[in-house]
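Numbering (the working numbering), first residue to last: 122 to 559.
For every residue, glycine included, the Cβ atom is placed at its ideal position computed from N, Cα and C.
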């Protein structure tokens, strides 16, 4: 009778409990309706039945669940109260839909072992089924390693093998396991995104940088999506402007700290459409200010490397006991790009540009090779253009023109000959535009 009075009092307290304030937030993993419990030396089975009534779930209690409990809980979620009661008496639970099974931890472990033995017996009794799954976008060998290495999809009797000729997987397992393996293969065998890399490799004279709109010196302080930005650099006239916002309409603006020509390698980003860049390059070429070396275009899979090379192999002969041997030294322009499509639709690229030129000195080991190399990692929008500059090539030419015989006359011979020196400096600009193939 005493227990019934305590139980009724607790239920009355629960019914009269005021609504929770907005700032009374339970732990994130407990979302059940809240209740209050105040019992002394009450049977645990009765407490579990009370929690089951509040939760509106079916509860199955094992026969070994027994004992009494004393607790006082005020406005706690029912699922949290259930966990507290179970942990105090060494009990566990298994939720299956709308049913909660409660038993001792020992019985639950014994039951899991028994269920595992029964399942293993059923698996051994099942007939093996063979299924051939064609792989379209991946390689069968790679998927075989993934499935075999996971250890969670095949049964103890299951096995998977790859057929390289047909690029197919041969799966042999029981019917209950083979379905999830086939579903995994279809999920992993998805098309790999592709990226088209458009490159423009251009040799320009320093005077063309101004015409093209390249601001090698400058510092970004604001950028709102158009050509209006704050820049502090060197004007074409050589004056040092103050820091301010203006609209230079540069095709390219490279945020280097100071405007220094011919030192190191510079990286930048194209502001404007690639079409305007092509028009300016074509105009510069017609004026003799630029030379478009190459405009390669290649499509590559995501996370794969695309390599473009242009140049020559210089033969070099060496003498040995076996005779004359010819070796080749590469003097070329190489561009390597490894794109990665990010989750938000941008393109991250690892870029490597190398230009090797034959040097003037030669030795027994072969001609010297002048190497210029730049490496960077950039993040661009789809269709945006980045530029790499600062790779210079200097050409010095001494020429002489003279009239035969007359140019050798003492004193007067200088009137019949002409000596000239030319010192040209050209810069290599590499424009790279990634486009996601859709």
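Residue i vs residue j beta-carbon contact at 8 Å
i, j, result
"residue 223", "residue 169", "yes"
"residue 191", "residue 161", "yes"
"residue 276", "residue 294", "yes"
"residue 471", "residue 459", "yes"
"residue 494", "residue 508", "no"
"residue 81", "residue 219", "Outside the displayed range of the chain (122 to 559) lies residue 81, so it cannot be described from this structure."
"residue 477", "residue 452", "yes"
"residue 413", "residue 456", "no"
"residue 325", "residue 548", "yes"
"residue 296", "residue 236", "no"
"residue 221", "residue 178", "yes"
6 Å Cβ shell around residue i - same chain, five flanking residues per side excluded
i, result
"residue 365", "Unreliable placement is indicated for residue 365, whose pLDDT of 36 sits below 50; no coordinate value is reported for it."
"residue 229", "213"
"residue 280", "293"
"residue 559", "none"
"residue 420", "315, 317"
Sheet register partners of residue i (DSSP bridge)
i, result
"residue 457", "428, 473"
"residue 439", "446"
"residue 160", "192"
"residue 415", "322"
"residue 521", "540"
"residue 288", "None; residue 288 has no bridge partner."
"residue 478", "491"
"residue 253", "291"
"residue 423", "In DSSP, residue 423 forms no bridge with anything."
"residue 180", "221"
"residue 283", "290"
"residue 498", "471"
"residue 555", "318"
"residue 213", "224"
"residue 172", "Note: residue 172 sits in no beta bridge, so no partner."
"residue 312", "Answer is none; residue 312 lacks a bridge partner."
"residue 550", "323"
"residue 198", "155"
Proximity to residue i [Cα-Cα], best of the options
i, options, result
"residue 542", "530, 270, 519, 550", "519"
"residue 556", "286, 504, 196", "504"
"residue 500", "539, 535, 553", "553"
"residue 303", "266, 323, 225, 255", "255"
"residue 194", "188, 172, 179, 185", "172"
"residue 438", "448, 180, 432, 163", "448"
"residue 431", "417, 440, 444", "417"
"residue 502", "513, 321, 323, 316", "316"
"residue 550", "321, 163, 236, 266", "321"
"residue 539", "522, 153, 461", "522"
"residue 206", "164, 217, 235", "164"
"residue 181", "285, 525, 217, 204", "217"
"residue 174", "155, 284, 183", "155"
"residue 109", "426, 419, 188", "Lying before the first or after the last residue shown, residue 109 is absent from the chain, which here runs from 122 to 559."
"residue 513", "491, 199, 248, 426", "491"
"residue 158", "183, 198, 185", "198"
"residue 204", "468, 248, 152, 237", "152"
"residue 450", "440, 433, 442, 443", "433"
"residue 506", "468, 286, 479, 532", "468"
"residue 183", "150, 208, 225", "225"
"residue 427", "461, 238, 440", "461"
Contact test: residue i Cβ vs the ligand FAD heavy atom, cutoff 7 Å
i, result
"residue 165", "For the structure depicted, the ligand FAD is absent and the ligand set is empty, with no information on it obtainable."
Neighbour-count burial assignment, residue i, 16 or more Cβ in a 10 Å radius
i, result
"residue 318", "buried"
"residue 466", "exposed"
"residue 510", "buried"
"residue 497", "exposed"
"residue 415", "exposed"
"residue 535", "exposed"
"residue 290", "buried"
"residue 202", "buried"
"residue 524", "exposed"
"residue 176", "buried"
"residue 227", "exposed"
"residue 200", "buried"
"residue 445", "exposed"
"residue 454", "buried"
"residue 389", "At residue 389 the pLDDT is 48, less than 50, meaning the model places this residue with poor confidence and gives no usable figure here."
Residues near residue i by beta carbon distance below 7 Å, same chain, minus five either side
i, result
"residue 257", "310"
"residue 585", "Nothing about residue 585 can be read from this structure; the chain reaches only from 122 to 559."
"residue 313", "258, 422, 423"
"residue 436", "447, 449"
"residue 440", "none"
Same chain, Cβ closer than 8 Å to residue i, neighbours up to 5 away in sequence not counted
i, result
"residue 145", "Confidence at residue 145 is low in this model, with a pLDDT of 46, below 50, so the placement of that residue should be treated as unreliable; the coordinate-derived value is given next. Within the same chain, residue 145 has close Cβ partners 196."
"residue 264", "256, 283, 290, 306, 309, 310"
"residue 537", "523, 524, 527, 528, 530"
"residue 166", "182, 186, 187"
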